[in-house]
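The structure under discussion appears below in the form of structure tokens.
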Amino acid sequence: MERVKKLNKWANAHTNYPLDFLRMALGVFLFIKGIEFMTNYVEMATMVKPFEGLPGGMIILHYIAPAHFVGGVLIVAGLLTRWAAVAQLPILAGAILTNFLGTMNVSNLVIACIVFLACIFFIIYGSGKHSVDYYLKMQQ
Numbered sequence: 106m107e108r109v110k111k112l113n114k115w116a117n118a119h120t121n122y123p124l125d126f127l128r129m130a131l132g133v134f135l136f137i138k139g140i141e142f143m144t145n146y147v148e149m150a151t152m153v154k155p156f157e158g159l160p161g162g163m164i165i166l167h168y169i170a171p172a173h174f175v176g177g178v179l180i181v182a183g184l185l186t187r188w189a190a191v192a193q194l195p196i197l198a199g200a201i202l203t204n205f206l207g208t209m210n211v212s213n214l215v216i217a218c219i220v221f222l223a224c225i226f227f228i229i230y231g232s233g234k235h236s237v238d239y240y241l242k243m244q245q
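Okay, here's the thing in structure tokens:
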């Protein structure tokens with residue numbers, strides 16, 4: 106817990122608007138991807154095809170879209186940003202693995218890697234000074 110407090114203090118001292126816009130863009134991207142998965146079930150089923158034989162394959166299908174919806178909204182608002190980003194990591198790791206286990210799509214691989222790295226960055230950095238987390242912390 107002490108490490109999280111140190112990271113929050115560092116992030117709040119070194120915050121600026123471009124990082125907040127990056128956080129919001131990441132959240133909007135994840136939310137739009139959640140909508141895309143919900144509306145295009147056939148594409149989602151083909152993407153999850155390499156993981157079909159694994160136990161819990163159906164759970165994967167039902168985890169991706171809601172995690173993107175809720176995680177995207179939380180990341181945009183800056184509320185529980187670290188937890189929302191951690192919830193995205195298994196999905197993004199699966200997106201990266203899908204390219205190696207199934208058919209290789211370089212553009213999807215690059216996007217998945219960029220979003221994966223952005224989530225790792227926000228797990229370390231936190232939500233920043235211009236977020237609901239910071240506002241709620243200042244209200245205590």
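Just so we're aligned: the sequence shown equals residues 106 to 245 in this note's numbering. Built from N, CA and C at the ideal position, the CB exists for glycine as well.
Which two residues bound the contiguous alpha helix (DSSP H) that contains residue i?
i: Met152; result: 146 to 152
i: Leu206; result: 186 to 206
i: Gln245; result: Note, Gln245: premise wrong, no alpha helix (DSSP H); not H, not E.
i: Asn213; result: 211 to 230
Can you give the Cα-Cα distance for residue i and residue j, rounded to whole angstroms?
i: Ala172; j: Val133; result: 13 angstroms
i: Tyr168; j: Leu127; result: 24 angstroms
i: Leu241; j: Lys114; result: 15 angstroms
i: Tyr207; j: Ile164; result: First, the amino acid is wrong: residue 207 is Gly here, not Tyr. C-alpha separation (whole angstroms): 19 angstroms.
i: Ile201; j: Met149; result: 14 angstroms
i: Asn213; j: Phe221; result: 12 angstroms
i: Ala217; j: Lys110; result: 29 angstroms
i: Ala192; j: Leu135; result: 12 angstroms
i: Asn210; j: Met243; result: 45 angstroms
i: Thr151; j: Gln245; result: 48 angstroms
i: Asp125; j: Ile219; result: 17 angstroms
i: Thr203; j: Val153; result: 7 angstroms
i: Arg187; j: Gly158; result: 31 angstroms
i: Pro155; j: Phe205; result: 9 angstroms
i: Pro160; j: Gly199; result: 14 angstroms
i: Glu141; j: Cys224; result: 20 angstroms
Compare the Cα-Cα distances from residue i to each of the options and report the closest residue.
i: Leu166; options: Ala217, Ile196, Leu222; result: Ile196
i: Val181; options: Phe227, Ile219, Gln244, Phe205; result: Phe227
i: Leu185; options: Asp238, Leu135, Leu159; result: Asp238
i: Gly183; options: Gln245, Ser236, Arg108; result: Ser236
i: Lys138; options: Gly177, Lys154, Gly158; result: Gly177
i: Ser232; options: Leu194, Ala190, Val215; result: Ala190
**Message:** Counting beta carbon pairs with one atom in the stretch 139 to 149 and one in the stretch 117 to 131, are three or more of them shorter than 8 angstroms?
**Reply:** no
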